[in-house]
Amino acid sequence: MRGADDALVRRALAERDPLPGTAGFAGEIDGHLVRDVLGRQPLFSERDDPSQWSFDHRDLSDPVAVPSGHSRPTTADVAGGAEQVWTLPAPNVTTDTEEALSRVREAVFESVDSVDDDGLAVAFSGGVDSAVVASGVPDAPCYVAGFEGSHDIAAARDAAAAMDRDLRVVELTHEAIERAVPEIVAALGRTNPMDVQIVLPLYLLAERVAADGYDRLAVGQGADELFGGYAKVAKAPDDPRVEAETVRGAAREMILTLPDQLERDVLTLRAAGVEPVAPLLHDRVVEAALPLPGELLVADGRRKVALRAAAKAVLPASVAEADKKAVQYGTYASRELDRLARQAGFKRRMENHVQQYVESLVE
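Just so you know, we're using full-length UniProt numbering here: the sequence shown kicks off at 1 and counts up by one.
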């Protein structure tokens, strides 16, 4: 079992408690494969033989993911054996603004302050998420990845200066991308460009972290989903990318995408040689975020309202309020992967030209 001890998992199963006080867990217990409600720990089994399982799909010949929130007997086939035992809570909205903000502050800082900094580095993009995480481990080195001139490097430099933190820059290159793409595809079992673009800078940053002697990497994953960090959430219900009619409903849609995203991110980081640490995905933070009203997620176009309010207790205002681009755009990973595809003859007029390029690198 990864992420929790057996006794806690048994209690969570018996009580059907989806948020028993962990940062995610998965593994085998009492003849069952289990994976937490948000899928924070990836878990796979052989499609037709669940007695064969692993935390890495590459160990199996025909792997399928154990669904988040499910228990699967190790003697059943995947079609009939997986049972959903945990579902994400849907609490009533908190109407007391001060109480809601207080709960977020307490949960966030309990989580980040409890992180052990032994062998730890921080993935630091200059946004509020990674800066809050970094605040809890003041002696851990901060790393940012990107092409020179990219938004993320500039933002990280500004934030590090404001926080009086040393910053190590991992400059991306075309050669590094061409080498890393096949390694990432092997780790993920995916070739779609969006997934590859998102984890490219993370993978190369984590490689540098591991080479520098650190075996754990603190990340800000989960904050955008839990606290309303996406533009499509802010624009709900007018953005066609979400189905919900409210900001709060759209944020919940994003939370429900976490299992797939976290599988991608965790497998990438482990392939690069580090174990991810994601304090903003602790159960206590999830519990504090779920009841937030829409106005504490997005207000007048300002996203992550509650998280930014909490962050001001430990961060300079310029960092707590900093806007950040999505990682694939803020690092130029998306732009430069597209450039490489076109240079290799995969023109934009071709269908899925970047994916064709990715697949050509794998071949």
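In this text, a Cβ means the ideal position worked out from N, Cα and C, and glycines have one as well. A quick note: this is a predicted structure, and the numbers were derived from the prediction, not measured.
The beta carbon of Ala187 sits closer than 7 angstroms to the beta carbons of Leu267, Thr268, Ala271 from its chain, once the five residues preceding and following it are set aside; these are given in chain order. In the DSSP assignment, Tyr203 falls within the alpha helix (DSSP H) that extends over 193-211. In this structure the segment 48-61 does not touch the segment 7-17; the number of beta carbon pairs closer than 8 angstroms is below three. If the five residues before and after Pro182 are omitted, its C-beta is found closer than 6 angstroms to the C-beta atoms of Leu361, Val362, all from its own chain and listed in chain order. Closest option to Val144, judged by alpha-carbon separation, among Ala299, Asp323, Leu204: Leu204.
Contact annotation, Val128 with Arg302: C-beta distance approximately 11 angstroms; criterion of less than 8 angstroms not satisfied. Under the DSSP definition of a beta bridge, Glu28 partners with Leu33. For Leu202, the closest C-alpha among the options Gln84, Ala317, Glu243, Ser125 is that of Ser125. Here Val298 is buried. Its C-beta has 16 or more other C-beta atoms within 10 Å. If you look at Asp265, you'll find it in the alpha helix (DSSP H) that goes 258-272. Rounded to whole angstroms, the gap between the alpha carbons of Ala218 and Arg241 is 30 angstroms. Under the criterion of beta carbons closer than 8 angstroms, Val93 and Arg252 do not qualify as touching, at roughly 11 angstroms.
Annotation for Ser51: the continuous beta strand (DSSP E) segment containing it runs 49-54. Boundaries for His70: no alpha helix (DSSP H) harbours it, while the beta strand (DSSP E) harbouring it runs 70-73, taken from the DSSP string. The beta carbon of Phe346 sits closer than 6 angstroms to those of His353, Gln356, Tyr357, all from its chain and outside the five residues before and after it, given in chain order.
In the three-state scheme derived from DSSP, where H, G and I count as helix and E and B as strand, Gly21 is classed as coil. Here Phe44 carries a strand assignment [DSSP, helix/strand/coil].
One alpha carbon belongs to Thr75, the other to Glu287, and they sit about 34 angstroms apart.
Distance from the CA of Asp215 to the CA of Trp86, rounded to the nearest whole angstrom, comes to 31 angstroms. Distance from the CA atom of Ser318 to the CA atom of Asn192, rounded to whole angstroms, is 35 angstroms. DSSP lists Leu217 as the beta-bridge partner residues of Pro276.
Three or more Cβ pairs drawn from the segment 20-29 and the segment 37-51 lie within less than 8 angstroms of each other, which places the two stretches in contact. Listed as beta-bridge partners of Gly146 by DSSP are Glu171. In summary, Asp224 is buried, with 16 or more beta-carbon neighbours lying within 10 Å of its beta-carbon over all protein chains present. Rounded to whole angstroms, the gap between the alpha carbons of Ala311 and Leu262 is 24 angstroms. Taking the Cα of Lys235 as reference, the smallest distance to any Cα among Pro138, Leu315, Ala250 is reached at Ala250. CA-CA distance, Asp117 to Ala140, rounds to 6 angstroms.
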